[in-house]
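Those letters in the sequence shown? Residues 22 to 178, by this note's numbering. The beta-carbon is built from N, C-alpha and C at its ideal position, and this holds for glycine as well. What follows is a set of notes on a single structure, which appears directly below.
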Amino acid sequence: MINGIIKLFYSEVVKTKIKNLPSSEYQLRDECKDIQNITLKIDSIFFKGLKFIFGLFILIFAFNIKIILGIEVLLLELAYIVYKRNLEIQVKEQIENIKNSIEVTSVNLLDERGKSGINVLISLLIVGVLSGFNYILVLSFLAVFLFTIKHICSNIK
Numbered sequence: 022m023i024n025g026i027i028k029l030f031y032s033e034v035v036k037t038k039i040k041n042l043p044s045s046e047y048q049l050r051d052e053c054k055d056i057q058n059i060t061l062k063i064d065s066i067f068f069k070g071l072k073f074i075f076g077l078f079i080l081i082f083a084f085n086i087k088i089i090l091g092i093e094v095l096l097l098e099l100a101y102i103v104y105k106r107n108l109e110i111q112v113k114e115q116i117e118n119i120k121n122s123i124e125v126t127s128v129n130l131l132d133e134r135g136k137s138g139i140n141v142l143i144s145l146l147i148v149g150v151l152s153g154f155n156y157i158l159v160l161s162f163l164a165v166f167l168f169t170i171k172h173i174c175s176n177i178k
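So, in structure tokens, the structure goes:
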């Protein structure tokens with residue numbers, strides 16, 4: 022019985038204390054925010070460096086296998102970098118539009134034609150690896166690559 026009374030008293034005191042707490046969100050101290058920003062920057066730089074080293078490793082490995090494979094992988098990596106930068110710009114614009122509550126229609130950089138072009142590029146790359154990269158395959162790869170990049174760049178404007 023005494024335990025029940027103490028429990029009831031304790032729960033009422035806790036409920037009163039919780040009701041008296043401020044309902045707004047708690048703010049981190051400025052030092053904690055600075056440390057958090059520094060760690061986020063370090064993580065970002067670390068992962069960008071890791072991606073760069075991984076891409077460089079793949080490129081060196083491709084050049085060691087065959088020069089033509091290395092050139093094709095280099096072109097694919099450059100296309101990926103261009104696509105990634107354009108995507109980052111588009112995402113930042115969309116975030117700004119959402120913040121400002123402005124509705125702007127977005128242009129898809131990669132429509133079905135662009136996706137099929139990239140699929141053909143990957144298929145030609147695989148067939149090239151399996152067949153030894155004859156000149157017809159390399160010329161086909163370059164033609165599809167140029168037309169795909171042209172199509173993606175025309176969607177940007």
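| Item | Value |
| --- | --- |
| From the DSSP output, in three-state form, read off phenylalanine 154 for me. | coil |
| Can you tell me the Cα-Cα spacing of leucine 99 and isoleucine 143, whole angstroms? | 14 Å |
| Can you list, in chain order, the residues of its chain with a C-beta nearer than 7 Å to that of leucine 17? Leave out the 5 residues immediately preceding and following it. | Outside the modelled stretch of the chain, which goes from 22 to 178, sits residue 17, for which no answer is possible. |
| Quick one: grab the DSSP three-state call for aspartate 13. | The question about residue 13 has no answer, for the chain in this structure spans 22 to 178. |
| Once the 5 residues before and after isoleucine 170 are set aside, which same chain residues still bring their CB inside 7 Å of it? | Ala100 |
| Does lysine 36 come out as helix, strand or coil in the three-state DSSP assignment? | helix |
| May I ask you to report which of helix, strand or coil DSSP gives lysine 87? | coil |
| Which class does aspartate 55 belong to by DSSP, given the choice of helix, strand or coil? | helix |
| Tell whether a beta-carbon distance below 7 Å holds between valine 141 and valine 103. | no |
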